[in-house]
Amino acid sequence: MYLLLSIAASTLIFVIFKTIGKRNVNTLQTIVVNYFTAFILGIISYDSKIVVSEIISSKWFFGAIGLGVLFISIFNVMALTAQRNGMSVASVASKMSVVIPIIFGLFVYNESLGWQKGLGIVLALVAVYLASVKAKSETFSFKGLWLPIILFLGSGTIDTSIKYIETTYLADNGIPVFSATIFLIAGLIGVGILSAKAIQKTLVFDAKSIIAGIILGVVNYYSIYTLLKALNADHFESSTIFTVNNVAIVMLSTLIGLVLFKEKLSTKNWIGIGVAVVSIVLVTLA
Numbered sequence: 000m001y002l003l004l005s006i007a008a009s010t011l012i013f014v015i016f017k018t019i020g021k022r023n024v025n026t027l028q029t030i031v032v033n034y035f036t037a038f039i040l041g042i043i044s045y046d047s048k049i050v051v052s053e054i055i056s057s058k059w060f061f062g063a064i065g066l067g068v069l070f071i072s073i074f075n076v077m078a079l080t081a082q083r084n085g086m087s088v089a090s091v092a093s094k095m096s097v098v099i100p101i102i103f104g105l106f107v108y109n110e111s112l113g114w115q116k117g118l119g120i121v122l123a124l125v126a127v128y129l130a131s132v133k134a135k136s137e138t139f140s141f142k143g144l145w146l147p148i149i150l151f152l153g154s155g156t157i158d159t160s161i162k163y164i165e166t167t168y169l170a171d172n173g174i175p176v177f178s179a180t181i182f183l184i185a186g187l188i189g190v191g192i193l194s195a196k197a198i199q200k201t202l203v204f205d206a207k208s209i210i211a212g213i214i215l216g217v218v219n220y221y222s223i224y225t226l227l228k229a230l231n232a233d234h235f236e237s238s239t240i241f242t243v244n245n246v247a248i249v250m251l252s253t254l255i256g257l258v259l260f261k262e263k264l265s266t267k268n269w270i271g272i273g274v275a276v277v278s279i280v281l282v283t284l285a
């Protein structure tokens, strides 16, 4: 159930970004409001007394700071990659990064890798690529190669770090405050960026970003919360969770783009969706 909710919430994030893009809402301001909204939700969801000194002294605190920096940095890298290299390249780079936490789980946690699961993971990577390729104009270019590489490594590092901290340092009831800390750090960095723009007199306040940010923040918080809860389940390995999560998000977002935003799907896209279904079945049953 948590995995399904994580897939739904993560897919909804893409829908929100697509919608605010069409309505010309300021993306950066929306992202900053989103982080503070998610922070407040994390604090509200925490069922124990919040002691700032205990949070700062906790073993996961510096990991949360690092993740907060990565969260807002990779969001910006993703935007730059989409603008300079195309949406398909950005999608492929971010979602194929699933291979990083999968390999980490196999070697560090000694998770199983039979032929069925191995085949499912390979098919998952193929499915992500095929489902992400949109337009012929968005072909891969070696110019600006560093952006997709950073996006690939950054996205994979985020997933891997979340799993490692959740497994090694996080208490059963610590997910809300851990998530809240990550979002607060990301939000404070965002405020710093907006402040710099204000000093340079390039900041134009967009009131619509407040509402958009609140909606995005609620969805964003629960996408992380439910993913952490799914990773905490005893009957699923992290390599299975990450594979099913990422492939299902690509598959579902592609179908929603077709239905809601009238995006056209190529033959490769349809094949990718079919391969995605097969990969999810293989990995889950394994």
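Anchor point for the sequence shown: position 202 equals 201 in numbering that gives the first Met the number 0, and the numbering is continuous, going up by one each time. For each residue, glycine too, the CB sits at the ideal point set by N, CA and C.
Relative to the Cα of glycine 216, the nearest Cα in the group Leu202, Met0, Ile30 and Tyr168 belongs to Ile30. If you look at serine 9, you'll find it in the alpha helix (DSSP H) that goes 1-21. Apart from the 5 residues on each side of it in sequence, threonine 159 sits with its Cβ closer than 6 Å to the Cβ of Ile99, Pro100 and Phe103 in its chain, given in chain order.
Rounded to whole angstroms, the gap between the alpha carbons of asparagine 268 and leucine 129 is 5 Å.
Burial state of glutamine 28 is buried, judged by a 10 Å Cβ sphere holding 16 or more other Cβ atoms. Across the set Asn75, Ala206, Leu105 and Phe70, the C-alpha of Ala206 shows the shortest separation from the C-alpha of valine 24.
Excluding five sequence positions before and after leucine 281, the CB atoms of its chain that fall closer than 8 Å to its own CB belong to Gln115, Lys116, Leu118, Gly119 and Leu122, given in chain order. The beta-carbon separation of serine 278 and alanine 126, rounded to 6 Å, stays under the 8 Å limit for a contact. Cβ-Cβ separation between glutamate 110 and serine 237: approximately 7 Å, consistent with a contact (criterion under 8 Å). Closest option to valine 76, judged by alpha-carbon separation, among Lys200, Asn244, Leu193 and Pro147: Pro147.
Leucine 202: not part of any alpha helix (DSSP H); DSSP gives it neither H nor E. According to the DSSP assignment, isoleucine 157 belongs to the alpha helix (DSSP H) that extends over 145-167.
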